[in-house]
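For what it's worth, my numbering labels the leading residue of the sequence shown as 66, then goes sequentially.
No residue lacks a Cβ here, since even glycine has one placed at the ideal position from N, Cα and C.
To start, the structure under review is shown below, and the notes come after it.
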Amino acid sequence: MRCDFCGAVLSEGEARPACAGCPLAGVCRKLKCPRCGYEVLPEPNWVKVIKSWGGKIFAGYKANARA
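So, in structure tokens, the structure goes:
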């Protein structure tokens, strides 16, 4: 995932839950960027699936382009 504010690329495991003092703790699923502290929503599963398809498609294209 990418932070919308600073552009840092991070995994969901690196991001901290943003529930520290929030009254909606445990409900909203926002994550906090460890670099700048900006709160971002995690990527939906359908976006992850499309990215995985795109990675496989473009990996084959790059291999053919080098040959």
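The beta carbon of V74 sits closer than 6 Å to the beta carbons of R67 from its chain, once the five residues preceding and following it are set aside; these are given in chain order. In its chain, beyond the 5 residues on either side, M66 have a beta carbon closer than 6 Å to the beta carbon of E108.
Between C101 and F70, the C-beta spacing is below 8 Å. Distances from the CA of G72 to each of G86, N110, W118, P99 were compared; the closest alpha carbon is that of P99.
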